[in-house]
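Have a look at the structure below, then the notes.
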Amino acid sequence: MTSRRSALVTLHITVLLMGATGLFSQLIQLPAWDITLYRTWIAVFGLFGWVIWREKTVLMAARRDYGRLILLGVLLGVHWITFFHAMQVAGIAIGMISLYSYPVITVFLEPWIKRTRIDWQDVVSGLLVLVGIYLLVPEFNLSNSATQGVFWGVLSAFLFALRNVLQGHWFSGVSAARTMSYQVLVVAVCMTPLLFFTTYEPSPNDVLLLLALGIGFTAVSHTLFAHTLRYLKAKTASLVACLQPVYGTLYGVLLLAAIPALSTVVGGVIIVSAAIYESVREHRAAGKG
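Note that the sequence shown covers residues 1 to 289 in UniProt numbering.
So this is what it looks like as structure tokens:
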């Protein structure tokens, strides 16, 4: 199996893991800020422990890498906060699917940053995703919770797209675990002062859920995703990752009895179609490479 095909398989496994992330926004009885803070500190210890054990060092090759990792960490942290807030405002389905406007952003952002030509097929896939997002919004009224959720989801999408493109552009030759270690550390340090202002205290059940979220669905899943960016273009990874809201919605239906509206389902089908199309294209390209 080629590196690109292996990365594609890893990407699909990662998306399956990430799809369950939305459940935690409903199961953990804490605000989005608190959830993000706790999950990142748990991920910090897990990731740095893994890197020290496997790679024997956590140092980066160049001093400028640390500045770049700080920027990526800030982008990742604000992305997480806005993402969880979107799901808490509008529900798992709308919050997760609206996030997946980020392939549209990536399709145009990656060629601009990497100075490459835009592929018209990627533009078509991106526009399909945009149509799917449009179907999620019942009305363009900011007093509507669904519209608010889409707004926060799209903002989160922009931050995630920018972070992914820069991650692949700057650190294609560095292990994903090492770069993710620094990024989650930045998020954790920046958010720690919030502990002095929060009035919420996690219950024993919340602690168990936070451990699962921090290790399995943050440290592991995001490291795997960053790993795929060493072999796949950011736009390919982003379009394939559009399967995440489908998994998230299915998890919500099966475990929380959260039934999405028909327009949400139709929008999701359009988004998934674009993801499958891009996945097949990349699979064929890997076979030729």
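We treat Cβ as the ideally placed atom computed from N, Cα and C, and that holds for glycine.
None of these values were measured; they are calculated from a predicted model.
Given a cut-off of 8 Å on the beta-carbon distance, is the pair residue i and residue j in contact?
i: residue 92; j: residue 148; result: no
i: residue 218; j: residue 7; result: no
i: residue 129; j: residue 104; result: yes
i: residue 82; j: residue 156; result: yes
i: residue 244; j: residue 96; result: yes
i: residue 39; j: residue 210; result: yes
i: residue 47; j: residue 175; result: no
i: residue 162; j: residue 69; result: no
i: residue 79; j: residue 23; result: no
i: residue 71; j: residue 164; result: no
i: residue 224; j: residue 36; result: no
i: residue 102; j: residue 221; result: no
i: residue 242; j: residue 266; result: no
i: residue 118; j: residue 264; result: no
i: residue 216; j: residue 17; result: yes
i: residue 192; j: residue 34; result: no
i: residue 110; j: residue 233; result: yes
i: residue 19; j: residue 247; result: yes
i: residue 77; j: residue 253; result: no
i: residue 185; j: residue 73; result: yes
i: residue 235; j: residue 116; result: no
i: residue 85; j: residue 152; result: yes
i: residue 167; j: residue 257; result: no
i: residue 200; j: residue 30; result: yes
Helix, strand or coil: which one does DSSP assign to residue i?
i: residue 52; result: helix
On the criterion of 16 or more Cβ atoms from any shown chain inside 10 Å, does residue i qualify as buried, or is it exposed?
i: residue 131; result: exposed
i: residue 172; result: exposed
i: residue 57; result: exposed
i: residue 9; result: exposed
i: residue 120; result: exposed
i: residue 178; result: buried
i: residue 52; result: exposed
i: residue 114; result: exposed
i: residue 240; result: buried
i: residue 100; result: buried
i: residue 259; result: exposed
i: residue 127; result: exposed
i: residue 12; result: exposed
i: residue 98; result: buried
i: residue 112; result: exposed
i: residue 268; result: buried
i: residue 196; result: exposed
i: residue 255; result: exposed
i: residue 123; result: exposed
Would you check whether the ligand NAP has a heavy atom nearer than 7 Å to the C-beta of residue i?
i: residue 108; result: What this structure holds is no ligand at all, so the ligand NAP is not there to describe.
Residue i CB to nearest chain B CB: under 8 Å?
i: residue 37; result: Absent from the structure is chain B; it holds one protein chain and no more.
Practice item. Just list the alpha helix (DSSP H) runs in the UniProt domain "EamA" (149-276), keeping only unbroken ones of 4 residues or longer that don't cross its boundaries, in chain order. Key: 176-191, 204-214, 221-228, 234-240 and 244-256
Review point. What are the uninterrupted segments assigned as alpha helix (DSSP H) that are 4 or more residues long and contained completely in the UniProt domain "EamA" (8-136), given in chain order?
Key: 21-27, 32-55, 63-90, 92-99, 102-114 and 120-134
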